[in-house]
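Chains as they are written, first to last, in the working numbering: chain A, 11 to 307; chain B, 179 to 584.
Ideal placement from N, C-alpha and C gives every residue a C-beta, glycine not left out.
Being a predicted model, the structure only gives us computed values, none of them experimental.
Written below as structure tokens is the structure these notes are about.
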Amino acid sequence: MNAINVLAQAVVNGLLIGGVYALVAVGLNLMFGVMKLVNFAHGEFLMMGMYVAVALAGLALPATFLGIYWVAVPAMLIMAVVGAVFYLLLLDRAAKFGESPQILLTIGLSIGGQGLAQVLRGSDFKLVPNPINGAALHLGSIYFQVGPAISFTVAIAVTIVMAWILRSTRFGKSARAVAESVETAEMLGIDARRVYMITTAIAIGLVGLAGALVIPYHFTFPNVGQNFVVVAFLAIVIAGLGSVIGAVFGGLLLGVMQSLTAAYLDIDLSTAAIYVLFLAVLLLRPQGLFSRGQRTL
Amino acid sequence: MHRFLAALAVAGAVVLTTNAGSFSARAADQINIAIIVPLSGPNASVGEQAVNAAKLAVADVNDTGGIKSMGGAKLNLIIADATNDPQGAINTSERVLSQNTVAGAYGLALSPLTTAALPAFVKHHVAVITSAISDTLVTPNNGGYLFQIAPKGSAFGNQQVEFLKFLNATYKMGISKAAILYVNNPYGIATKNGVEQLAKNAGLEIGLDSAYPGDITDASPLVSKIEQSGAQVLFPVSYITDSSLILTALRSANSHVLVIGGGAGFIWPPIGKSLGDKVNGLTSVASWNLDSKNVVADPKLVDVTKRYASAYGTFMPEQAGEAYAGISVLAAAIEAAKSDDPAKVRDALAAIDVKSGGGSLMQPGEVAFDANGANRYVQPVMIQWQSGIPHTVFPESVATSKVAKP
């Protein structure tokens, strides 16, 4: 491989894995932007989405090229319902006691969720055999892994749809109003609790979608969420807390940074590199690279 | 709501119980032995495999008359979660050993956990048999209470390089340049050190020598580096998720590099299930395999592997084979000591030479420990996936199948 190809392949690899980080980060940042809530159980909802998708994939068609992806929409919808229930049964009640109980609740769910998954599904690694795993498109000497490429494409599409929803729909306008000021929004007749429920449903639905898109090429196991969500957390801080579009750029940026570090320095430094960037952003631009200093849904 | 919370509470209680271990009271006619392995976290499946096999071994001992030198006393298996964290392994070991009278123990499984928790075993004078492979575990400084039933990490590298020489000689593959990728922990480093030195000694040029973090989500950058290095053979030392990612990325890149896996992720059942037919032909080194010559030669040992498969729905994997052999060796030591006094069991382990029974499941069919606790006889085996199951193909002294050209 010549120098140009090495650089191009590293950027492609980074963008593709960054698409997965972005898809996980979007829901995380949506919840923070609207609800001011850091959902520490987001990784466990990703894990749950993967288990749901694996279970659905076991029902039919996993051996066909796109058959493995039929599960994406049902998994997203199931997880959206889970998100709504999560809000109504737990977050809403915890909110009566302030923000800290909500945060502690998500931390508890994160720990308990891994244990619960292990009790219910065992600690075994699950991956449905499918033709996506290992498939690639080759352009000259550059290759694109099909599974991550589909995740990347969906991440971009989701970002566009989310941007449209937030800018142009009644719910989006309500969500932005609530994000600015709950009290003012409620004075204007907006039902903040309903906005919060829909926001949670969308956020958890999106991470369910992410889970369904990841299962063709990544094992599902009780702790799998942590592998992705830690980078997603860094992505939203680097991009700017509360910025949905920023979350996507943050995910892509970290994916590319990891890949370039691996290509030109050492893959063992790829995690350290994104933490260095994280610290630099906190020191030099604490509001985030893509934020204007306030929450920007 | 209440039901959901109740379910959560039950699940939490189950998890906490698992973490705490089952501290059953010791009855006069039973002998406590402990298995302390990761049962939560990313390596929980390793622990589950070991626990499944340990239960089978204990049942086999008890069903055939228990510890005869102690009037047929039954073994009681205390199961505890070492977690995935060295501090967790220390806490669990200390708790189990201080709250129970334990004749001996098996477990820890991972080198970092074993290194961290060993002082607790030394403090309580309880011997522990481990499947962890790091060379640094079996030194004069280990306190004398550690017995390593698995081959040393450095021996894995030796076997991989010998296997490559065999392939080069048999199939005229002309491989002269190697890449080594290893997960950055004591297991990875120990195995990598063995491979690197022996590969150099064998005249191989090392084109790439790179560690990587164990929680990678994409192996494409690793594969790019392999391609850039011009290596013809890859020696990866990986767990299950990273091994799958590496194999997937190699396929995506249309790489023709020969993979000689470093065990663990390359030989466990999930990799076979996930890759389907594509797993066939993949080779790897292994601590143990279910069809080595010593196993196939003994119908009782074959029956053990069949009963494991029947009970747990998968072929008996490496960690399970080692656990069955380890628990059986521990039972033999208690038998020889005629006591459940852990100090006497430790001395019996140090002097033991097992040539039959469950302990002989470990290749080459005999287990004895040297002064540092290393298994005198064991050598790693090379396996090749054929028809969806790992078959022992090298060295000839233990192989039962012919290697197909990878």
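Item: Minimum Cβ-Cβ distance from Y308/A to chain B less than 9 Å; Value: No statement about residue 308/A is possible, as the shown extent of chain A runs from 11 to 307 and does not include it.
Item: First through last residue of the alpha helix (DSSP H) which encompasses Y61/A; Value: H52 to A67
Item: Beta strand (DSSP E) runs wholly inside the stretch 398-447 of chain B, at least 3 long, in chain order; Value: 411-415 and 436-439
Item: Where P232/A falls, given that 16 or more other Cβ within 10 Å makes a residue buried; Value: buried
Item: Chain A contact residues for P364/B, given Cβ-Cβ distances below 9 Å; Value: None at all; the shortest Cβ gap to chain A is about 15 Å.
Item: Segment contact flag, the stretch 209-225 of chain B with the stretch 127-147 of chain A, C-beta cutoff 8 Å, min 3 pairs; Value: yes
Item: Inter-residue Cα distance where the pair is P111/A and T271/A; Value: 39 Å
Item: Counterpart residues of V559/B in DSSP-defined beta bridges; Value: A464/B
Item: Short CB-CB distance (under 9 Å) between Q112/A and chain B; Value: no
Item: Cβ neighbour criterion (16 or more within 10 Å) applied to A577/B; Value: buried
Item: Outcome for D313/B when other beta-carbon atoms lying within 10 angstroms are tallied against a minimum of 16; Value: buried
Item: T348/B, buried or exposed, once every other Cβ within 10 Å from all chains shown has been counted against 16; Value: exposed
Item: For G244/B, the first and last residue of its enclosing alpha helix (DSSP H); Value: Here G244/B belongs to no alpha helix (DSSP H), and DSSP marks it neither H nor E.
Item: I27/A beta carbon less than 9 Å from that of T426/B; Value: no
Item: Contacting positions in the stretch 387-399 of chain B - beta carbon closer than 8 Å to chain A; Value: S388, A389, Y390, P391, D393, I394, T395, D396, S398 and P399
Item: Sufficient close CB pairs (3 or more, under 8 Å) joining the stretch 195-212 of chain A to the stretch 110-124 of chain A; Value: no
Item: Any non-hydrogen atom of the ligand NAD within 8 Å of N233/A CB; Value: With respect to the ligand NAD, the structure shown offers nothing to examine, as it has no ligands at all.
Item: Among S579/B, N363/B and I367/B, the one whose alpha carbon lies nearest that of D393/B; Value: N363/B
Item: Check whether A67/A and I225/A have beta carbons under 9 Å apart; Value: yes
Item: Near-chain A residues of the stretch 424-440 of chain B (beta-carbon distance less than 9 Å), N- to C-terminal order; Value: L425, T426, A427, L428, R429, S430, A431 and N432
Item: Runs of alpha helix (DSSP H) lying entirely within the stretch 456-522 of chain B, each at least 4 residues, in chain order; Value: 471-474, 477-490 and 496-515
Item: Per DSSP, cross-strand counterpart(s) of P568/B; Value: W563/B
Item: Contacts of T461/B in chain A (Cβ-Cβ under 7 Å); Value: In chain order: nothing, as chain A lies at least about 18 Å away.
Item: C-beta neighbour in chain A for L453/B, strict 9 Å; Value: yes
Item: Any 3 or more C-beta pairs closer than 8 Å across the stretch 356-374 of chain B and the stretch 401-416 of chain B; Value: yes
Item: Those runs of the beta strand (DSSP E) which lie wholly inside the stretch 334-396 of chain B and span at least 3 residues; Value: 355-361 and 383-390
Item: Check whether I211/B and G282/B have beta carbons under 9 Å apart; Value: yes
Item: With 16 other Cβ atoms within 10 Å as the buried cut-off, status of A257/A; Value: buried
Item: Closer than 9 Å to chain A by CB, L479/B; Value: no
Item: Validate contact between the stretch 437-450 of chain B and the stretch 396-409 of chain B using beta carbons, cut 8 Å, 3 pairs; Value: no
Item: Unbroken alpha helix (DSSP H) run spanning T163/A, endpoints; Value: V156 to S178
Item: Bridge-paired residues (DSSP) for Q277/B; Value: DSSP output for Q277/B lists no bridge partner at all.
Item: Interface residues of chain B facing L137/A [CB-CB closer than 8 Å]; Value: S422, P448, K451 and S452
Item: Cα-Cα separation, V590/B to T242/B; Value: This structure cannot settle anything about residue 590/B, because the visible part of chain B is limited to 179 through 584.
Item: Continuous beta strand (DSSP E) stretch holding K252/B: start and end; Value: K252 to D259
Item: Contact under 9 Å by Cβ, Y206/A with V188/A; Value: yes
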